[in-house]
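Read through the structure below, which is laid out as structure tokens, and then see the notes.
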Amino acid sequence: MRSILEESMLETRSMPLENRPRLPHIPLSKRNRAVVRALNPMLVTYLEASRDLCETDSILFGAALAVCRIIGAKLPVAGRATQKVAPSQLGEKELRTVSQRQGPLSPD
1 MRSILEESML
11 ETRSMPLENR
21 PRLPHIPLSK
31 RNRAVVRALN
41 PMLVTYLEAS
51 RDLCETDSIL
61 FGAALAVCRI
71 IGAKLPVAGR
81 ATQKVAPSQL
91 GEKELRTVSQ
101 RQGPLSPD
């Protein structure tokens with residue numbers, strides 16, 4: 001659990017804010033609460049050593065990311081939401097389906 005926490009915090013520290021994945025809502029089950037309760041004491045050391053707000057943000061986001069990984073919550077793949085689909089790559093029916101899900105491809 002600690003290694004997942006440390007890996008998530010390290011990954012978050014070097015990641016630009018705009019590239020961070022959106023975190024899913026997780027149910028408040030007994031198991032999920034137990035995971036959060038187990039991680040809380042580990043965070044104290046990191047938060048006390050935090051030098052600035054950016055580092056504190058990385059620690060907290062990394063902890064939230066670690067919880068998601070530990071409980072097996074699905075995280076979105078980076079870049080998928082902003083990926084554009086060229087009309088020549090899809091048939092007209094598939095293009096309409098993608099447009100309905102993601103909105104118009106471009107304002108042209």
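Quick note on full-length UniProt numbering: the sequence shown kicks off at 1 and runs consecutively. By construction, the Cβ of each residue, glycine as well, lies at the ideal position given by its N, Cα and C atoms.
Alpha helix (DSSP H) segment containing residue i, residue limits
i: Ala73; result: Note, Ala73: premise wrong, no alpha helix (DSSP H); not H, not E.
i: Arg51; result: Careful: Arg51 lies outside any alpha helix (DSSP H) and carries neither H nor E.
i: Arg22; result: Where Arg22 is concerned, there is no enclosing alpha helix (DSSP H), given that its DSSP letter is neither H nor E.
i: Glu11; result: 2-13
Close Cβ partners of residue i (< 7 angstroms) along its chain, the five nearest in sequence each way excluded
i: Lys74; result: Pro24
i: Ile4; result: Ala66, Arg69, Ile70
i: Lys30; result: none
i: Val35; result: Val67, Ile70, Ile71
i: Asn32; result: Ile26, Ile71
Residue i classed as buried or exposed, judged by whether at least 16 other C-beta atoms fall within 10 angstroms
i: Ser44; result: Looking at the sequence provided, one finds Val at residue 44 rather than Ser. Per the 10 Å Cβ criterion, exposed.
i: Val85; result: Because the pLDDT at Val85 is just 38, under 50, the model does not fix this residue reliably, and the value given afterwards should be weighed accordingly. So Val85 ends up on the exposed side.
Residues near residue i in its chain [Cβ-Cβ closer than 8 angstroms; skip 5 each side]
i: Tyr46; result: Met9, Ile59
Residues of its chain near residue i, where Cβ-Cβ distance is below 6 angstroms and the 5 sequence neighbours each way are ignored
i: Thr56; result: Ser50
i: Thr12; result: Ser58, Phe61, Gly62
Check: residue i C-beta below 7 angstroms from any heavy atom of the ligand HEM
i: Met1; result: Of ligands this structure carries none, so the ligand HEM is not represented either.
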